[in-house]
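Take a look at the structure below.
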Amino acid sequence: MAGPERHWWAGLARGLRRRPRDFRASHRSFEAWFQSPLGQALLMDQKACVSTQVAELGGARQLHIGLSHRLPLAADTDFTQHILATPYWRPDLPPGVVVCDPDELPFPSDSVDLVILHHSADFSAWPHQVLRESVRVLRGGGQLLVLGFNPVSSWGLRRLISRQRQGPWGGRFILRSRMEDWLSLLDCSLEQRGSYFFRLPVQSEAFLERRSPLEYAGTQGLLPVGAYYCIRATKRVCSPIARRRAWRRAKVIPLPSPGTLGATRQCRESAAHGRRSDAS
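With the UniProt record's numbering applied, the sequence shown covers 1 to 280.
Here it is as structure tokens:
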């Protein structure tokens with residue numbers, strides 16, 4: 001009996017073991033999902049949230065790290081240059097789009113004034129590295145905006161019970177507290193955070209027009225159970241610590257003062273007289 005039981009438990013463990021996720025396939029399905037009624041409603045809510053967060057910000061460069069160039073969030077901001085980074089090349093890419101992985105950004109350090117992460121950490125095998133790269137390219141005092149799916153919500157519950165990993169259900173759904181801890185470790189100060197979009201994950205236009213019972217409590221900040229969270233952080237400016245100069249003792253030959261000049265000459269004469277007496 002020991003043999004069959006051991007094989008049964010081994011098969012159960014293999015069934016419960018997580019399979020490696022194909023995040024590249026999730027990228028494409030996520031972009032297609034945004035064309036659905038639920039996806040359009042979520043995207044409109046996120047655009048309004050980002051517009052409120054960056055309304056008073058401005059600078060030279062804005063970097064939007066997303067999953068597709070067809071999902072812009074902040075196109076009308078007061079920044080001189082708008083850069084959009086996507087993980088895939090396509091023949092219809094407009095100017096200003098850079099194809100790169102979010103965990104390996106081809107930008108110099110301290111060169112961007114605003115970085116917007118649109119679910120880039122949710123669909124990456126290395127979400128912490130995505131944050132690290134975003135903070136690296138951000139200048140001191142620059143702003144970082146992170147949008148991620150909230151696992152403590154009806155959307156997180158839908159992801160747990162859903163067998164399909166298409167659209168947002170193929171993402172990581174990282175806890176907001178963990179994301180905040182990572183930002184603190186990367187020398188970022190948290191300015192504002194909150195959860196948004198309290199509609200249930202149902203593909204029905206008629207149902208989306210209704211207000212959810214959780215919407216009032218969520219908008220008042222009583223229950224952080226929105227579909228996604230938005231975190232705004234500032235990169236701290238670290239001033240260099242000045243080194244203490246190593247003081248060296250100067251080799252100074254003391255000069256005789258006028259009061260000691262006669263005494264010094266008298267000492268020399270006494271010493272010379274003593275040497276002559278010893279010689280005789």
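From the three backbone atoms N, C-alpha and C, an ideal C-beta is built for every residue, glycine too.
Item                                                                                                                                                                                      : Value
For residue 194, I'd like the list of residues in its chain whose CB is within less than 8 Å of its CB, leaving aside the five on either flank, ordered along the chain.                  : 221, 224, 226, 229, 230
Smallest Cα separation from residue 150: which of 135, 176, 169?                                                                                                                          : 176
Do residue 232 and residue 203 come within 7 Å of each other at the CB atom, strictly closer than that value?                                                                             : no
Out of curiosity, what's the CA-to-CA distance linking residue 117 and residue 146?                                                                                                       : 5 Å
Report all residues from its chain with a CB closer than 8 Å to the CB of residue 75; omit the five preceding and five following residues, and keep chain order.                          : 82
Output yes or no for whether 7 Å exceeds the beta carbon distance between residue 87 and residue 101.                                                                                     : yes
When you compare the CB positions of residue 133 and residue 103, do they come within less than 7 Å of one another, or not?                                                               : yes
Where are the beta strand (DSSP E) runs, 3 residues long or more, that stay fully inside the segment 61-86, in chain order?                                                               : 78-86
Could you work out which residue in 161, 144, 186 is closest to residue 58 when comparing CA atoms only?                                                                                  : 144
Starting from residue 226, trace the beta strand (DSSP E) both ways and give me its first and last residue.                                                                               : No beta strand (DSSP E) holds residue 226; DSSP gives it neither H nor E.
Of all the options 154, 161, 93, 72, which has the alpha carbon lying nearest to the alpha carbon of residue 46?                                                                          : 72
Pick out whichever of 199, 131, 180, 37 has its Cα sitting closest to the Cα of residue 190.                                                                                              : 180
Note down, in chain order, each residue of its chain lying with its Cβ closer than 8 Å to the Cβ of residue 67, except the 5 sequence neighbours on either side.                          : 27, 30, 31, 86, 87, 118, 119, 120, 123
Could you name the residues of the same chain whose beta carbon sits closer than 7 Å to that of residue 128, not counting the 5 residues immediately before and after it, in chain order? : 182
Between the Cα of residue 236 and those of 171, 198, 185, spot the shortest distance and give me the residue it belongs to.                                                               : 185
If residue 109 and residue 137 are in contact, beta carbons under 8 Å, what's the gap, nearest whole angstrom?                                                                            : 6 Å
For a quick check, are the C-beta atoms of residue 208 and residue 41 less than 7 Å apart?                                                                                                : yes
Could you tell me the alpha carbon to alpha carbon distance between residue 34 and residue 167, rounded to whole angstroms?                                                               : 8 Å
In the DSSP assignment, find the beta strand (DSSP E) that holds residue 116 and state where it starts and stops.                                                                         : 112-118
According to DSSP, simplified to helix, strand and coil, what is residue 188?                                                                                                             : strand
Between the Cα of residue 178 and the Cα atoms of 148, 234, 156, 105, which residue gives the shortest distance?                                                                          : 148
Assuming residue 114 contacts residue 142 under a Cβ cut-off of 8 Å, what Cβ separation, rounded to an integer in Å, is found between them?                                               : 6 Å
Nearest to residue 131 by alpha carbon, out of 155, 174, 96?                                                                                                                              : 174
Using the rule of at least 16 other Cβ atoms within 10 Å of the residue's Cβ for burial, across every protein chain shown, is residue 164 buried or exposed?                              : exposed
Label residue 84 either buried or exposed according to how many other C-beta atoms from any shown protein chain fall within 10 Å of its C-beta, with 16 as the threshold for buried.      : buried
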